[in-house]
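Going by this note's numbering, 205 is the number at position 205 of the sequence shown; the sequence numbering is gapless. Backbone N, C-alpha and C fix where the C-beta goes; we use that ideal spot for every residue, glycine too. Note that the coordinates shown come from a computational prediction; the quantities given were computed from them, not determined experimentally. Before any comments, here is the structure.
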Amino acid sequence: MKSCASSRNVERSEKCLGVMFDMRPTLCDVTLITDDGRRISAHRVVLASALQYFNAMFTASGVSTNGCCYVESNQHEIAIKNIDGQALETIVKWCYLGSVETDEESVQELLAGAKMLDCVDIVVICSDFIKSQLHPENALGINTFAEMLGCTDLQLYSLNYIHNNFIQISSVSEFMQLSAKRLTEIISSDFIDTGESGEQAVLSSVISWINNDMDLRKQCLPSLIEHVRFPRLPQEVLVRIQDEYPLLKTDTTCKDLLIEAMKFHLCKGQLTLLTSNSRFKMRSPRGKPKCLLVVGGQAPKAIRQCEFYDFCTDQWYEIPSELPTRRCRAGVAVLNGLVYAIGGFNGSLRVRTVDCFDPQANRWISCPSMEARRSTLGVCVLNNRIYAVGGFDGSTGLQSAEVYDPISASWHFIAPMSTKRSSVGVSTLNDFIYAVGGYDGASRQCLSSVEFYNPSTDSWQLIPDMSQRRSGAGVGVLDGKLYAIGGHDGPAVRKSVECYDPQLNCWMQCADMIIARRNAGVVSRDGLLFVVGGDDGQSNLPSVEIYNPKMNSWTLLPQKMSIGRSYAGVCIIDKFWL
């Protein structure tokens, strides 16, 4: 049998290209000429192998990736229009050496040139560099520049920076030079972060922009002021706002908007108002700090108290606005920035009532009640609707489920589950709603069965059972997997955890919790699961455990809640100001 050997020397190839670059213009077969007169010698084969733009140009295939047609395939001198000479020199060097250097002075020209020549690698390098240089003074200009070039990634990144740093940016000179159209686009966004100043920061920015050129811009006041969310201003601010901003007195649109805002406060933010007009909506900045909200619970009886954990300060804080009535064993969901406390037990009765917390106004309002009384129910949000699943009505476990539509402000039943489930854990995964375990009441057994609801077919379907029966399990979703945490089977309170992988259609064991607990709340944040409170079968727990799926390990949050509570509702919301 004939033997053979082969080898590949990458360093030699790189060295040859380096020598070819250094030898220029010797043995070069093309010269690129820019508008500023710079002449750049190169080898066609090197340029064509590095960039499709030149490949199409030199091989006479006719069309580049950006649709340009070429006639230069046989020309020795080729004019490259609309590109900076130094930028083209840098791109040609990259074709040979694969390296590029840029700085604040040259990066925009280089990015424009790389975008024109379809050089994706340099576009990414330049975009990343510009991102690192963003600050309030240049963010607006960079966003406009990125939009002009069609650099979508940089455009979205800089826009997010503008939203997150709105207060600082609204005071810079670039902001005062914005067009009315561009200003409208910014202040109409749901995502601008107004900090502690709230909506008054938006109002102040509009007035400052108009005052910067009063004669020309005063006519823009009515169209701009419509995007200020006056209902989100405190009532005491609304009372004196025309004295603080005299310009508002001169415009009828402003007066109408102030009347609308006062009506909102007089009606105490009724839910029909909250969903009827964009000015009533809270802004929800993407980069805003988050907090962990704990609502009501059993400690040892149903309570009204709520508290939140601030991830920035690592401290718990009590919320002055308590629930309107005592509530435990309720479901909690967040929709459009509002926190819904749904059903539960008030210490005497299982209820179907719903209360809604507006974090920016720091108050609770009453919402339409469910069709059925439900405690120990499961609640989740899917496709901008709230689902209430199973539970206990005081007499029997419930097989039924219902959905709340915020547009019509009404509940209606959906298809029932395959079995009754009280103390059921519920969460959403891949556009389905999963009902995990629970207690069926009829056979007086805790359940290991799990089923999911498909909204498009209004039907439930069973999946493989869990390895253990679990009633009162905490349920959460992380990295595309469904977690069932703790719970109990009769008197046995569990610390075990398992997760369901929908791609494998099976359950897998995870590390046990540190403390056995049931009736705990579960939320996910930053790739971690937080298991809040619950009880161990003897006492309510003030502790919080954190699961890291990469390490498959649990740790205790050092700071405990102010009181031990089980059957509490938990959720993650934007940090708000008390």
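{"Query": "What does Tyr317 pair with, by DSSP beta-bridge criteria?", "Result": "Phe308"}
{"Query": "Just list the alpha helix (DSSP H) runs in the stretch 180 to 253, keeping only unbroken ones of 4 residues or longer that don't cross its boundaries, in chain order.", "Result": "180 to 187, 200 to 211, 214 to 217, 221 to 225 and 235 to 244"}
{"Query": "Taking the alpha carbon of Arg352 as the reference point, which residue from Ser49, Ala341, Ile485 and Pro359 has its own alpha carbon closest?", "Result": "Ala341"}
{"Query": "Please report how far the alpha carbon of Arg24 lies from the alpha carbon of Glu137, in whole angstroms.", "Result": "42 Å"}
{"Query": "Contact between the stretch 547 to 558 and the stretch 520 to 539: three or more CB pairs below 8 Å?", "Result": "yes"}
{"Query": "Can you tell me the Cβ-Cβ gap for Leu398 and Arg374, rounded? I've got them flagged as a contact below 8 Å.", "Result": "6 Å"}
{"Query": "Terminal residues of the continuous beta strand (DSSP E) containing Gly425?", "Result": "Gly425 to Leu429"}
{"Query": "Round the Cβ separation of Phe58 and Thr102 to the nearest angstrom and send it over; I've been treating them as touching at under 8 Å.", "Result": "Actually they are not in contact, since the Cβ atoms of Phe58 and Thr102 sit about 26 Å apart, beyond 8 Å."}
{"Query": "Hey, Gly344 and Arg327: beta-carbon distance below 7 Å or not?", "Result": "yes"}
{"Query": "Measuring alpha carbon to alpha carbon, tell me which of Phe230, Leu247 and Leu482 ends up nearest Met262.", "Result": "Phe230"}
{"Query": "Within its chain, find whatever has a CB closer than 7 Å to the CB of Asp405; leave out the 5 residues flanking it on each side and keep chain order.", "Result": "Arg385"}
{"Query": "Taking contact to mean at least 3 C-beta pairs separated by less than 8 Å, is the stretch 296 to 306 in contact with the stretch 277 to 287?", "Result": "no"}
{"Query": "What does the alpha-carbon distance come out to for the pair Ile259 and Arg232?", "Result": "13 Å"}
{"Query": "By how many angstroms is the C-alpha of Asp440 removed from the C-alpha of Thr419?", "Result": "7 Å"}
{"Query": "Look up Tyr547 in the DSSP assignment and say whether it is helix, strand or coil.", "Result": "strand"}
{"Query": "Return the CA-CA distance between Val379 and Ala333, expressed in angstroms with no decimal places.", "Result": "7 Å"}
{"Query": "On the three-state DSSP scale, how would you describe Leu515?", "Result": "The sequence given here places Ile at residue 515; Leu does not occur at that position. In this structure, Ile515 counts as coil in the three-state DSSP scheme."}
{"Query": "Quick check on the burial criterion: 16 or more other C-beta atoms within 10 angstroms. Buried or exposed for Ile433?", "Result": "buried"}
{"Query": "Check each candidate in Leu32, Val46 and Asp29 and name the one with the smallest Cα separation from Glu14.", "Result": "Val46"}
{"Query": "Please report how far the alpha carbon of Glu185 lies from the alpha carbon of Pro359, in whole angstroms.", "Result": "25 Å"}
{"Query": "Let me make sure I understand the geometry here. Which of Phe311, Gln503, Gly297 and Glu196 has the alpha-carbon closest to that of Pro289?", "Result": "Phe311"}
{"Query": "Inspect the CB distances between the stretch 149 to 165 and the stretch 86 to 93 and report whether three or more fall short of 8 Å.", "Result": "no"}
{"Query": "Any idea what DSSP makes of Met508, helix, strand or coil?", "Result": "strand"}
{"Query": "Can you name, in chain order, every residue of its own chain whose Cβ lies under 6 Å from the Cβ of Arg329, other than the five neighbours on each side?", "Result": "Gly344, Phe345, Ser375, Thr376 and Tyr567"}
{"Query": "How would you write the range of the alpha helix (DSSP H) that Gln155 sits in, first residue to last?", "Result": "Thr152 to Asn164"}
{"Query": "Is Thr396 near the ligand ATP, in the sense that its beta carbon is under 6 Å from a heavy atom of that ligand?", "Result": "Of ligands this structure carries none, so the ligand ATP is not represented either."}
{"Query": "So Ala511 and Arg494 are supposed to be a Cβ contact under 8 Å. How far apart are they, rounded?", "Result": "Contact flag wrong, Cβ pair sits at about 13 Å."}
{"Query": "When DSSP labels each residue in this structure, what does Val332 get in the three-state scheme?", "Result": "strand"}
{"Query": "So, for Ser321: in the same chain, excluding its five sequence neighbours on each side, which residues have a beta-carbon less than 8 Å away from its beta-carbon?", "Result": "Cys306, Phe357, Asn362, Arg363 and Trp364"}
{"Query": "Pull up the DSSP beta-bridge partners for Ile78, would you.", "Result": "Leu32"}
{"Query": "Can you tell which of Lys131, Ile162 and Ala409 has its C-alpha closest to the C-alpha of Ile192?", "Result": "Ile162"}
{"Query": "What residue does the alpha helix (DSSP H) around Thr144 start on, and which one ends it?", "Result": "Ala139 to Leu149"}
{"Query": "Go ahead and pull the three-state DSSP assignment for Gly564.", "Result": "coil"}
{"Query": "Leaving out the 5 sequence neighbours to the left and right, which residues in its chain are closer than 7 Å to Lys81 when beta-carbon positions are compared?", "Result": "Asp35"}
{"Query": "Assign Asp393 to one of two classes, buried (16 or more other C-beta atoms within 10 Å of its C-beta) or exposed (fewer than that).", "Result": "buried"}
{"Query": "Can the beta-carbon of Arg217 be found less than 7 Å from the beta-carbon of Ile225?", "Result": "no"}
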